[in-house]
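First comes the structure, then the notes that go with it.
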Amino acid sequence: GCKFKITGGPAFAANGGGELKLQLFFIHSGVDGGQPQGDYRVWLEKDGQKLPGFDDTTSLALSSQQGTLGKYNYEHKLGIDGLPGNTVNGNYVVWVLDGNRERDSLNFSFSVTDGQGEVWIQFDQA
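To convert, take the position in the sequence shown, counting from 1, and add 3; that gives our numbering.
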């Protein structure tokens, strides 16, 4: 299934450019006006290369934190030494994986420029 859609973001903030910090908010807008959904993860590629760790971090159910760009229940960071080109700048593709690591969204593309390595996206499964 491909039930998740982006309903917020992608939004970007400068963070010094030393790491990519991905903050995601997985919700179901049809439940309690946006109930945070757990056990979701993402596959993330930069310039065509899969980035490690993002598919091993999972979202937290019924939980949210307030970040610089918005509420989130998933966060994963990767230093530039783990990024192609050793920079956060570049072209990214992301899609959602469910608890069984099966695709749960279409591919979404975004680009990071000017060292704005903090990225926020809201995914809604409604």
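Glycine residues also receive a C-beta, built at the ideal position from the N, C-alpha and C atoms.
C-alpha distance - residue i paired with residue j, whole-angstrom precision
i       : j       : result
Ala-14  : Leu-86  : 20 Å
Gly-12  : Pro-55  : 22 Å
Ala-129 : Asp-117 : 33 Å
Phe-71  : Gly-20  : In the sequence as displayed, the identity of residue 71 is Thr instead of Phe. Computed Cα separation, rounded: 16 Å.
Val-91  : Asp-35  : 36 Å
Arg-44  : Asn-103 : 10 Å
Distance CB(residue i)-CB(residue j) smaller than 8 Å
i       : j       : result
Lys-24  : Lys-80  : yes
Ser-67  : Gln-40  : no
Val-115 : Gly-93  : yes
Phe-28  : Asn-76  : yes
Ser-108 : Cys-5   : yes
Thr-10  : Asp-101 : no
Trp-123 : Gln-52  : no
Option in the options with minimal Cα separation from residue i
i       : options                             : result
Glu-121 : Ala-17, Thr-10, Ile-9 and Lys-8     : Ala-17
Trp-98  : Thr-90, Asn-110, Arg-104 and Val-91 : Asn-110
Glu-22  : Ile-83, Asp-127 and Trp-123         : Ile-83
Glu-78  : Gly-102, Gln-125 and Asp-107        : Gln-125
Asp-42  : Asp-58, Asp-50, Tyr-95 and Gln-52   : Asp-58
Glu-48  : Val-34, Val-96, Thr-60 and Asp-101  : Val-96
Glu-105 : Trp-46, Gly-36 and Ile-9            : Trp-46
Contacts around residue i, its chain only, beta-carbon distance under 8 Å, and the 5 residues preceding and following it disregarded
i      : result
Gln-38 : Ile-30, His-31 and Leu-65
Residues near residue i by beta carbon distance below 7 Å, same chain, minus five either side
i       : result
Gly-33  : Ala-129
Gln-119 : Phe-15, Ala-16 and Ala-17
CB contact check: residue i to chain D, cutoff 8 Å
i      : result
Leu-27 : The structure shown contains no chain D; it is built from a single protein chain.
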